[in-house]
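These notes concern the structure reproduced below.
Number of protein chains: 2
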Amino acid sequence: MSYSYEYPKADHTVDAVVFGLDQDAVSLKVLLIERGLEPFRGYWALPGGFIHMDEDLDAAVLRELEEETNVKLSFVEQLYTFGNPNRDPRGRVISTAYLGLARPSHVTVKRGSDAASAVWWSLDKLPELAFDHSEILEVGMQRLRSKVRWQPVGIELLPDAFTLTDLQQVYEIILGRELDKRNFRRKVLSFGVLAPTGETRYERHRPARLYQFDKDRYQLLRKQGIDFEV
Amino acid sequence: MSYSYEYPKADHTVDAVVFGLDQDAVSLKVLLIERGLEPFRGYWALPGGFIHMDEDLDAAVLRELEEETNVKLSFVEQLYTFGNPNRDPRGRVISTAYLGLARPSHVTVKRGSDAASAVWWSLDKLPELAFDHSEILEVGMQRLRSKVRWQPVGIELLPDAFTLTDLQQVYEIILGRELDKRNFRRKVLSFGVLAPTGETRYERHRPARLYQFDKDRYQLLRKQGIDFEV
DNA sequence: TCAAAAGTGTTATGAGTACACCCATGC
DNA sequence: GCATGGGTGTACTCATAACACTTTTGA
């Protein structure tokens, strides 16, 4: 069975909006690459590239991310497909954008493939981006903000063990407002998806209890339709 | 400036999951076409087709819908992009799916283009669908159900003037559960986006007040971050 | 006068929010 | 002993949810 289409075809790319935390867990960063090829050579852009003919879109994102930045994701979901006919000077290029989250421990940026370099950029001092990537980034940020209200997104950004203050800071960064410590703790603990490791972390002051995320219990509650609004 | 890519390219289509109400406003239907061409000739499928090189994705959906079914939408948004390499026997075809809503008054299905026929199907007795369209339809249904909790989706399915009982029935259909009449009315009226037309509709029993949707006021409240959970 | 859908308020419960002080450690 | 962040409980407000009867019309 063979069907042939001879008319011109669009190209298809994937691009990833990947967020991660700074080491001090106090600011949110986005992963950008410096383009090594035309067009927009020397500009900063979202990591991504052309899909292969035999790979799924999700696989293409992970591959491109691995090739260009060596970053592995703790979370990924499809964001939106951008198809404006003029969004790419090379011609008709449709791009499916993904939202990704990475833990700090997994971030070891390397040189590779089409990218001249790859760096975590602070969201408050971004460079001009190639193509329509500013628009894509904005959509990614909106999605992150709306996700955080219903799902324990913060956990995907933190290391395996973390303190409740760490977690609260992540939520405050993403939501862009301060939260009450007592209310926050009561709320997140009431979900029953956080378990103390028994360990503590001491840095200069009173040691803080470390917690870990109980993924099985989370999946169970999700199936029961439980929301996790903070 | 010219960049040429000679490797094989995927095709790109759009498909639409379009919901509408039956005349009696008591059941939710989905718009399907009967395929007139191979592959899956004679099967039922979501309306859609190949995008043109110079048109935006949104425009492509509306065009295909117009060509195949003559249905105009009161609401449309992008749903998800399906890119499994084996989803289409013709080869690599990536499809961006859209969610659409149509008012009953706008529904006048016609013959045209690739479709042998176009019909509103009840959701509880669907035929086997072509390609991965069952999966796409399921994603559309999920999106509709999650949207209904935050946005006055019901209004996009009803005619310009409607009774509160109409509106409640729409919500009950989409949510799949019964709602309390008094609570529902208090809630939807409290948003302040419904205005009585002054008219009533009488059919056999006590006449019901007709309402219309105040779109300007709705946009205003949305900008203020107001949610519309029912 | 009866059948059928339209329309209307009150109460109880639970969630969200605001708020201030003591505790454990390093220096 | 003091500076610093860790850790805890109560009271108020507001939204949700449960619940039953009267009104208006056509037949």
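Just so you know, the protein sequences line up as chains A and B, in that order. In this text, residue positions in the first sequence follow my numbering: the first is 809, and each later residue adds one. In this text, residue positions in the second sequence follow my numbering: the first is 809, and each later residue adds one. For every residue, glycine included, the Cβ atom is placed at its ideal position computed from N, Cα and C.
Which whole-angstrom value is the C-beta distance of residue i and residue j, which I expect to be below 8 Å?
{"i": "W929/B", "j": "L840/B", "result": "5 Å"}
{"i": "T973/B", "j": "L1018/B", "result": "In fact, because the Cβ distance is near 11 Å, the residues do not count as touching under 8 Å."}
Does the distance from the CB of residue i to the CB of residue j come in under 8 Å?
{"i": "T1005/A", "j": "A1016/A", "result": "no"}
{"i": "L870/A", "j": "L887/A", "result": "no"}
{"i": "V1001/B", "j": "L1029/B", "result": "yes"}
{"i": "E842/A", "j": "S925/A", "result": "yes"}
{"i": "A905/B", "j": "I859/B", "result": "no"}
{"i": "I981/B", "j": "S835/B", "result": "yes"}
{"i": "A938/A", "j": "F848/A", "result": "yes"}
{"i": "T821/B", "j": "G844/B", "result": "no"}
{"i": "D968/B", "j": "Q1020/B", "result": "yes"}
{"i": "E863/A", "j": "P897/B", "result": "no"}
{"i": "E936/A", "j": "Y815/A", "result": "no"}
{"i": "L966/A", "j": "R911/A", "result": "yes"}
{"i": "R895/A", "j": "D940/A", "result": "yes"}
Cβ of residue i within 7 Å of any heavy atom in the ligand SAH?
{"i": "V927/B", "result": "For the ligand SAH, the structure offers nothing, since it holds no ligand at all."}
Rank the options by C-alpha distance to the C-alpha of residue i and give the top, closest one.
{"i": "K880/B", "options": "E863/B, G828/B, E846/B and V996/B", "result": "G828/B"}
{"i": "F1036/B", "options": "R957/B, T877/B and T889/B", "result": "R957/B"}
{"i": "E964/A", "options": "L909/A, H1013/A, L1018/A and L937/A", "result": "L909/A"}
{"i": "L983/B", "options": "V961/B, K817/B and S998/B", "result": "V961/B"}
{"i": "V901/B", "options": "K1031/A, A818/A and E986/A", "result": "A818/A"}
{"i": "M949/B", "options": "T821/B, V838/B, V822/B and P816/B", "result": "V838/B"}
{"i": "R1025/A", "options": "W852/A, H1013/A, L934/A and L997/A", "result": "L997/A"}
{"i": "G899/B", "options": "V978/A, L873/A, M861/A and E872/A", "result": "M861/A"}
{"i": "D866/A", "options": "G891/A, R1012/A and V884/A", "result": "V884/A"}
{"i": "K1023/A", "options": "R1012/A, Y1010/A and F999/A", "result": "F999/A"}
{"i": "T877/A", "options": "R1012/A, Q959/A, V825/A and F890/A", "result": "V825/A"}
{"i": "L873/A", "options": "F890/A, V927/A, D830/A and T889/A", "result": "V927/A"}
{"i": "A1003/B", "options": "E986/B, D830/B, R993/B and E946/B", "result": "R993/B"}
{"i": "F890/B", "options": "A868/B, S942/B, K933/B and D932/B", "result": "S942/B"}
{"i": "S903/A", "options": "D932/A, A868/A and E875/A", "result": "A868/A"}
{"i": "Q1027/A", "options": "H1013/A, V947/A and Q959/A", "result": "Q959/A"}
{"i": "K955/A", "options": "K1031/A, K933/A, Y979/A and D932/A", "result": "Y979/A"}
Inset, instruction - Compile a chain-ordered list of the residues in the region 936-953 of chain A whose CB is closer than 9 Å to at least one CB of chain B. - result: none
Inset, instruction - Taking a Cβ distance cut-off of 9 Å, strictly less, list which residues of the region 826-840 of chain B are near chain A, in chain order. - result: none
Legend entry - Against chain A: residues of the region 886-911 of chain B by CB proximity under 8 Å: Q886, Y888, T889, G891, N892, P893, P897, R898, G899, R900, I902 and T904
Legend entry - Residues of the region 960-992 of chain B whose Cβ lies closer than 8 Å to any Cβ of chain A, in chain order: none
Inset, instruction - Check each residue of the region 1004-1023 of chain A: if its Cβ is closer than 8 Å to any Cβ of chain B, include it; give the result in chain order. - result: none
Legend entry - Contact residues within the region 814-825 of chain B, judged by C-beta distance below 7 Å to chain A: P816, K817, A818, D819 and H820
Inset, instruction - Note down, in chain order, all residues in the region 863-882 of chain B with a beta-carbon under 9 Å from any beta-carbon belonging to chain A. - result: E863, D864, L865, D866 and A868
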